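Going by UniProt numbering, the first residue of the sequence shown is number 1, and it counts up by one from there.
Glycine included, each C-beta is placed from N, C-alpha and C at the ideal position.
What you are looking at is a predicted structure, and each value in this text was computed from that prediction instead of being measured.
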Amino acid sequence: MPKNKGKGGKNRRRGKNENESQKRDLIYKEAGQEYAKVERLLGNGRLEAYCFDGVKRLCHIRGKLRKKVWISNGDIILIGLRDYQDNKADVIMKYLNDEARTLKSLGEIPDTIKLEENDDIEFDANAAIFEDDEDDEKGSDSEDEEGSDDDDDNSDDSDEIAEINQRYRADTGIAKDQRNNRRR
C-alpha cells in the first residue's frame, strides 16, 4: 500500500481567504524602506516599481508573498532597499486600496501620485457627442424654448440615443451579425 504523506496535494491550498475581512494595522516605512508604485510585472517573481524617492527599481517579490498576495500594475507596495545595490529592492508588503488612500491623506505618499481608486467604468448616455451631432444640438435648443412636455423630451432623448448608436455602428462597420456573435 502507498504511504500516507499528508492531507492532500497542491490543490488543498486553494480557497483560504479568511484574512480578507479582518482589518489590519497600517504599517509605515522605516529606515531602509520606501513606498513604491508598481509600473510593470516582469515575471519570475520580479517587477519594476517607481519609488517615491524618484528612482525606478527592479524589485523581487519575496517567498512569503509569492502565490499568496497577488500584485498587479498600479498597486502601492512597501519595499526594502538593499545596502549593496541601489537599483534593486525587495517587496515587503502590498497595501490595500483603502490603506493607500490613508497613506496619501496622511502625507506619506505624494499627492501627485494617482491611485487606482475605482476600476468601474461609468457611461453617461447624453455624453456621447459626435461632430455630426453639433448641428442637431443647436436645433434642439430652439425646440426646448418652444416649451414641450417632459414625456416628449424623454422619448426624443431615447430617439436621439438610438440614432447616435446607429450612426456609430455604421461608421465603425459593426454589422448586426457581428454584434450577435459578440454577445454569445
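Subject >> Residues near Glu-146 by beta carbon distance below 8 Å, same chain, minus five either side >> reply: By 1-based counting over the sequence shown, the position of residue 146 is 146. Any reading at Glu-146 needs caution, since the residue's pLDDT is 49, under 50, leaving its predicted position unreliable; the model's value is listed next. Excluding its 5 nearest sequence neighbours in each direction, Glu-146 has no C-beta neighbour in its own chain below 8 Å.
**OP:** Look at the Cβ atom of Ile-92, then the Cβ atom of Leu-78, and state whether they are nearer than 8 Å.
**Re:** Here the question's residue 92 lines up with position 92 in the sequence shown. Here the question's residue 78 lines up with position 78 in the sequence shown. Leu-78 is positioned such that its CB atom lies closer than 8 Å to that of Ile-92.
Subject >> Straight-line gap, Ile-109 to Gly-43 (C-alpha atoms, nearest Å) >> reply: Taking the first residue of the sequence shown as position 1, residue 109 is located at position 109. Taking the first residue of the sequence shown as position 1, residue 43 is located at position 43. Distance between the alpha carbons of Ile-109 and Gly-43 is about 26 Å.
**OP:** Consult DSSP for Arg-57 and reduce its assignment to one of helix, strand or coil.
**Re:** On the sequence shown, position 57 is the one that residue 57 refers to. Arg-57: strand per DSSP, three-state reduction.
**OP:** Consult DSSP for Glu-99 and reduce its assignment to one of helix, strand or coil.
**Re:** Here residue 99 refers to the residue found at position 99 of the sequence shown. Correct three-state label for Glu-99: helix.
Original post:
Straight-line CA distance for Asp-98 to Asp-171?
Top reply: Translated into positions along the sequence shown, residue 98 becomes position 98. Translated into positions along the sequence shown, residue 171 becomes position 171. Cα-Cα distance, rounded: 42 Å.
**OP:** Classify Leu-47 as helix, strand or coil using the three-state DSSP reduction.
**Re:** On the sequence shown, position 47 is the one that residue 47 refers to. Note: Leu-47 maps to strand in three-state DSSP.
Original post:
Can you give the Cα-Cα distance for Arg-46 and Ile-113, rounded to whole angstroms?
Top reply: Working through the sequence shown from its first residue, we reach residue 46 at position 46. Working through the sequence shown from its first residue, we reach residue 113 at position 113. Pairing Arg-46 with Ile-113, the inter-Cα distance amounts to about 22 Å.
**OP:** Would you mind sorting Leu-103 into buried or exposed? The rule is 16 or more other CB atoms within 10 Å of its CB.
**Re:** As a first step, residue 103 must be located in the sequence shown, where it is residue number 103. Classification of Leu-103: buried, given that the 10 Å Cβ count is 16 or more.
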